[in-house]
Amino acid sequence: MSKEIGITVKKNENFSEWYTQIVLKAHLADYAPVKGLIVLRPYGYSIWESLKSSLDLKLKATGHENGFLPVLIPQSLLSKESDHFAGFTPEVFWVTHSGDTEIGDRLALRPTSEALAYSMYSKWIKSWRDLPMKINFWNTALRAEIKATKPFLRTSEFLWQEGHTVHTTKEEAEAEVMSILDMYKKTVEEELAIPVITGKKSDKEKFVGAVYTTTMESIMPDGKALQMGTSHFLGQNFSKPFDVKFLDRQNVETFAWQTSWGVSWRLIGALIMIHGDDKGLVLPPRVAPIQVVIVPIYYSPEDREAVLGKASEIKDALVKHNLRVHMDVRDEVTPGYKFHDWEMKGVPLRIELGPKDLAKGKMVLVRRDNLKKTDLEFENTEKGILNMLDEIQQGLFENAKNLLKEKTKNVTDYEEFKSEMEKGAFLNSPWCGETKCEEIIKESTGADIRVIPFDAKNENSTCIVCKKPSKTSAIFARSY
RNA sequence: GGGGCCGUAGUCUAGCUUGGUUAUGAUGCUAGCCUGGGGUGCUAGAGGUCGCCGGUUCAAGUCCGGCCGGCCCCA
161 MSKEIGITVK
171 KNENFSEWYT
181 QIVLKAHLAD
191 YAPVKGLIVL
201 RPYGYSIWES
211 LKSSLDLKLK
221 ATGHENGFLP
231 VLIPQSLLSK
241 ESDHFAGFTP
251 EVFWVTHSGD
261 TEIGDRLALR
271 PTSEALAYSM
281 YSKWIKSWRD
291 LPMKINFWNT
301 ALRAEIKATK
311 PFLRTSEFLW
321 QEGHTVHTTK
331 EEAEAEVMSI
341 LDMYKKTVEE
351 ELAIPVITGK
361 KSDKEKFVGA
371 VYTTTMESIM
381 PDGKALQMGT
391 SHFLGQNFSK
401 PFDVKFLDRQ
411 NVETFAWQTS
421 WGVSWRLIGA
431 LIMIHGDDKG
441 LVLPPRVAPI
451 QVVIVPIYYS
461 PEDREAVLGK
471 ASEIKDALVK
481 HNLRVHMDVR
491 DEVTPGYKFH
501 DWEMKGVPLR
511 IELGPKDLAK
521 GKMVLVRRDN
531 LKKTDLEFEN
541 TEKGILNMLD
551 EIQQGLFENA
561 KNLLKEKTKN
571 VTDYEEFKSE
581 MEKGAFLNSP
591 WCGETKCEEI
601 IKESTGADIR
611 VIPFDAKNEN
621 STCIVCKKPS
631 KTSAIFARSY
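Take the first sequence: its position 258, counted from the start at 1, is 418 in the working numbering, and no numbers get skipped.
And the structure:
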């Protein structure tokens with residue numbers, strides 16, 4: 161029948177188009193009237209909600225609180241830290257008028273909230289007793305994207321959380337930076353089933369205004385890198401211009417030590433790219449809005465009653481285990497249509513239940529990840545399904561780990577580097593530590609340093625570009 | 001940053017080269033029936049500022065200009 165309902169291109173033939181079709185056809189998001197802006201539809205938003213609640217629990221368990229910041233930031237405030245301002249200004253949207261009246265100190269639509277948050281913090285923090293202050297904000301940020309927009313990956317407004325913490329000592333702040341990065345890594349690996357490499361950004365790639373930036377990076381099936389989240393050590397770079405200071409135990413006025421960190425709905429983009437296939441989305445059970453869908457099949461009113469009765473019973477049993485279960489009772493479409501529909505939407509597990517199954521005392525289970533069908537006896541419903549969901553979660557993570565391994569290569573020769581980079585990869589190569597060599601690589605291959613892994617080795621090697629002794633190895637890639 | 005393609009009903013689209021009465025088909029939607037284990041079949045019906053603004057013309061979906069929006073490829 162009509163092929164336009166489903167995904168019409170293959171993942172390995174036209175990756176970009178494939179991605180766009182999944183976003184639109186699985187009803188994750190749609191385009192807003194303004195270029196670069198998207199509207200999240202309920203199905204897409206519920207993925208964000210489950211990510212959000214998982215992370216939010218972890219943040220609260222570690223003493224973070226949520227707050228809310230306005231979206232408008234006066235230019236005078238945003239420009240207080242000059243590097244920070246210079247870094248963001250090319251992509252800031254400005255509000256210049258209120259009604260017909262021009263605003264003297266024009267207002268930025270927040271590209272990020274350091275300036276605003278810290279101007280408030282400076283009022284709230286007086287004493288060492290006020291610290292640490294650990295506030296997180298679930299909001300959106302706006303950064304003008306002129307070209308190359310892509311739903312979830314590059315949009316002019318995106319959903320994220322930004323955490324901003326203040327500490328009495330450098331050590332405590334640096335520990336916070338690491339503990340957040342660990343929390344992110346855990347969330348992404350355990351919930352989204354996407355493995356990441358953690359480490360530091362080079363000076364060239366770090367957050368503007370930070371002392372250093374830690375990051376987690378992953379590689380997509382097309383060989384491009386995606387930054388999955390960052391956690392920044394700000395040192396006193398912001399506390400000085402924004403006057404965030406406190407009286408310490410010795411009654412000495414001291415500038416505070418700060419961190420900021422964030423993850424965005426980019427993670428949803430990563431999820432689509434990493435796990436999706438030619439039939440559509442494939443969702444890891446832990447973040448799937450619907451984990452199990454039941455498709456009832458019947459021929460007669462009597463069958464209908466019996467099948468729906470049993471289906472409800474199964475649903476109730478699963479809901480007791482906090483599973484998110486949907487029973488597709490639509491009468492206007494056939495079972496076959498429903499199968500395709502839920503496959504496109506990536507529901508991890510499907511139960512098919514019809515008169516034949518009732519007679520046998522079994523249901524048919526179909527896994528979304530490998531499309532294999534198995535029978536499950538009614539008496540084993542709960543255990544069997546919980547186990548299978550775990551298997552799917554694990555299986556997806558294993559596949560993604562294999563992809564990462566396969567696409568990561570150690571390269572020490574620059575010619576090989578250039579040819580491998582053409583194919584798209586994470587290239588682990590020795591580097592002298594100089595920005596100049598990064599620039600040369602960027603110029604000739606389009607790649608940059610994605611991450612200097614925490615476990616990077618430096619084995620008496622020479623820089624991939626300049627041949628001077630290397631200071632570390634770093635992971636280079638082209639990125640989204 | 002450079003290049004190419006595109007915009008007609010919810011969706012996919014014909015028509016545009018060569019301007020001419022009531023804009024084509026499918027799908028989806030609504031109603032009724034039939035069906036149902038992998039994108040069903042029949043009948044009837046509703047659904048359109050032809051992306052927007054302007055120009056040329058007796059006449060513009062069609063030609064011209066600008067703008068808005070989308071996709072892809074390369075850096």
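Each residue gets a CB set at the ideal place from its N, CA and C atoms; glycine is no exception.
If you draw a straight line from the alpha carbon of residue i to that of residue j, how long is it in whole angstroms?
i	j	result
residue 161	residue 608	Note that residue 161 has pLDDT 31, beneath the 50 cutoff, so the model's placement of it is unreliable and no number is given.
residue 552	residue 465	32 Å
residue 222	residue 209	20 Å
residue 269	residue 317	10 Å
residue 503	residue 274	42 Å
residue 195	residue 576	39 Å
residue 241	residue 250	15 Å
residue 522	residue 569	47 Å
residue 202	residue 233	30 Å
residue 304	residue 537	55 Å
residue 578	residue 563	21 Å
residue 360	residue 372	7 Å
residue 307	residue 172	24 Å
residue 635	residue 341	18 Å
residue 375	residue 337	10 Å
residue 437	residue 531	11 Å
residue 404	residue 384	39 Å
residue 472	residue 323	43 Å
residue 335	residue 289	19 Å
residue 298	residue 226	7 Å
residue 469	residue 348	38 Å
residue 408	residue 357	38 Å
residue 614	residue 421	18 Å
residue 545	residue 454	12 Å
Going by alpha carbons, who is nearest to residue i out of the options?
i	options	result
residue 362	610, 521, 626, 619	610
residue 629	572, 599, 578, 587	572
residue 381	404, 406, 432	432
residue 266	207, 260, 255	255
residue 625	618, 612, 593	593
residue 246	603, 383, 369, 589	369
residue 364	544, 612, 604	612
residue 622	631, 235, 614	631
residue 325	627, 603, 416	416
residue 586	567, 597, 595	567
residue 343	515, 229, 389, 509	389
Around the Cβ of residue i, are there at least 16 other Cβ atoms within 10 angstroms (buried) or fewer (exposed)?
i	result
residue 281	buried
residue 459	exposed
residue 444	buried
residue 489	exposed
residue 252	buried
residue 399	buried
residue 168	exposed
residue 540	exposed
residue 528	buried
residue 377	buried
residue 589	buried
residue 410	exposed
residue 426	buried
residue 670	Residue 670 lies beyond the stretch modelled for the chain, which goes from 161 to 640, so this question has no answer here.
residue 547	exposed
residue 261	exposed
residue 321	buried
residue 393	buried
residue 259	exposed
residue 125	Outside the displayed range of the chain (161 to 640) lies residue 125, so it cannot be described from this structure.
residue 642	Since the displayed the chain opens at 161 and closes at 640, residue 642 lies outside it and no answer follows.
Since residue i and residue j are thought to touch, with beta carbons under 8 Å apart, how far apart are those beta carbons, to the nearest angstrom?
i	j	result
residue 419	residue 391	7 Å
residue 166	residue 189	About 18 Å separates the two Cβ atoms, so there is no contact after all.
residue 467	residue 511	Their Cβ separation, rounded to whole angstroms, is 11 Å, which puts residue 467 and residue 511 out of contact at 8 Å.
Going by DSSP, what residues sit across from residue i in a beta bridge?
i	result
residue 241	Partner(s): none; residue 241 has no beta bridge.
residue 293	326
residue 417	327
residue 350	Paired residues: none, contrary to the question.
residue 392	373, 420
residue 254	268
residue 299	320
residue 613	359
residue 553	None; residue 553 has no bridge partner.
residue 191	198
residue 524	512, 535
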